[in-house]
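Report on one structure; see the data block that follows.
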Amino acid sequence: KNEVEQSPQNLTAQEGEFITINCSYSVGISALHWLQQHPGGGIVSLFMLSSGKKKHGRLIATINIQEKHSSLHITASHPRDSAVYICAARSNTGNQFYFGTGTSLTVIP
Amino acid sequence: DTGVSQDPRHKITKRGQNVTFRCDPISEHNRLYWYRQTLGQGPEFLTYFQNEAQLEKSRLLSDRFSAERPKGSFSTLEIQRTEQGDSAMYLCASSLNRDHEQFFGPGTRLTVL
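Those protein sequences? They're chains G and P, same order as listed.
The first sequence maps to residues 1 to 109 in the numbering used here.
The second sequence maps to residues 1 to 113 in the numbering used here.
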C-alpha cells in the first residue's frame, strides 16, 4: 500500500466544470504539496499547506489533518488545466517526500 | 535567475556504462532534492542536501548511485554500471529551506539500452 493515495486516477471534464481531486495519506506529515505536471515532464508547485485552506486564482487546496485527507479543487475548469496533478506528503519524521501516482485531468472544450 | 536547470536533458547509454547528471538550483536555495520518476508513476524521493551536506538517502538509492553537492551550489548524481531498470526521468528540485515550496528542474531522461 502506498503512503499516499490519489483518486481518481483519470478524470475527464467539460470546460467550465468544477473539479475535485482527492489525496489520502497514511503517514504523519509536516506539509502536503500539490504539484502540476504537464506533458514533457515539467513540474510546477501549486500549493504547500499544513492546515486549513489555500486559494490561488481558480485553484483551491484544503487539508484535514485529523482525517489525513487533502483535496484540490479547480473552479471553472479550462482546457489549459489539462495535466497530471500530484499530491506529495512530507514526512514529519524526516524530510522524505511520499508522492501519489497522480491524477490525469483532461478538460474538453 | 531562470530557475532550476538540469543537464543533460536526455541521455542514452548502454547497460554497464556510468552516467553523471548535473543540477543547478536556484541561487541561495539551501535545499536540493533528487527524485526519480518512471512512466505513469509519481516521483520517488532519492536524496536531499542541506547546503553541501547529504542528509537523507532513500533505500532506493543503491550502492551504484552517488550524489554530491561539493560547494553547496550545483549537485551531481552519478549512476555506475547502469541497468535497464535505471531508465527513468531524474528530477532535481530546490527550495530556500525546509518550509518553502520546491522548484523543479525540467529533468534528465535516461534511457539504458
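Glycine included, C-beta positions come from ideal geometry on N, C-alpha and C.
Distance CB(residue i)-CB(residue j) smaller than 8 Å
i	j	result
P:Tyr48	P:Leu32	yes
P:Phe138	G:Ile43	Since the first and last residues shown for chain P are 1 and 113, residue 138 of chain P lies out of range.
G:Ser26	G:Glu3	yes
P:Glu44	G:Met48	no
P:Phe74	P:Arg22	yes
Proximal residues to residue i (C-beta, below 6 Å), its chain only, five neighbours per side dropped
i	result
P:Thr20	Thr76 and Glu78
Same chain only: Cβ atoms within 7 Å of residue i, ignoring 5 sequence neighbours per side
i	result
P:Asn114	Missing from the structure shown is residue 114 of chain P; chain P here goes from 1 to 113 and no further.
P:Pro106	Gln6 and Arg9
G:His78	Glu15 and Val107
Neighbouring residues, chain P, relative to residue i (Cβ below 9 Å)
i	result
G:Gln96	Phe45, Tyr48, Glu56 and Ser58
Within chain G, partners of residue i - CB distance below 7 Å
i	result
P:Leu113	Going along chain G, no residue has its Cβ under 7 Å from P:Leu113, so there is no contact; the nearest lies around 20 Å.
Residue i CB to nearest heavy atom of the ligand MN below 7 Å
i	result
P:Ser95	In terms of ligand content, the structure shown is empty, and the ligand MN therefore cannot be addressed.
Neighbour list for residue i in chain P, Cβ cutoff strictly below 8 Å
i	result
G:Gly100	Gly42
G:Ala45	Checking the sequence, you will find Ser at residue 45 of chain G rather than Ala. Those are Glu101, Gln102, Phe103 and Phe104, listed as they occur along chain P.
Neighbour list for residue i in chain P, Cβ cutoff strictly below 7 Å
i	result
G:Gly52	By Cβ distance, chain P contributes nothing, its closest Cβ being about 16 Å from G:Gly52, past 7 Å.
G:Ile86	Gly42
| query | Listed in chain order, which residues of the region 53-86 of chain P have Cβ atoms closer than 8 Å to some Cβ of chain G? | reply | Listed by position, the residues of the region 53-86 of chain P near chain G (Cβ gap below 8 Å) are Leu55, Glu56 and Ser58.
| query | Taking Cβ-Cβ distances below 9 Å as the criterion, which residues of the region 27-53 of chain P are in contact with chain G? | reply | Taking a C-beta cut-off of 9 Å against chain G, the contacting residues of the region 27-53 of chain P are Arg31, Tyr33, Tyr35, Gln37, Gly40, Gln41, Gly42, Pro43, Glu44, Phe45, Tyr48 and Gln50, listed in chain order.
| field | Proximal residues, the region 94-111 of chain P versus chain G, C-beta separation under 8 Å | value | If the cut-off is 8 Å between Cβ atoms, the region 94-111 of chain P has Arg98, Asp99, His100, Glu101, Gln102, Phe103, Phe104, Pro106, Gly107 and Arg109 near chain G.
| At a cut of 8 Å, does the region 12-28 of chain G reach the region 87-105 of chain G through at least three beta carbon pairs? | The region 12-28 of chain G vs the region 87-105 of chain G: in contact.
| query | When the Cβ atoms of the region 90-103 of chain G are set against those of the region 52-71 of chain G, are three or more pairs found closer than 8 Å? | reply | At 8 Å Cβ cutoff, the stretches do not touch.
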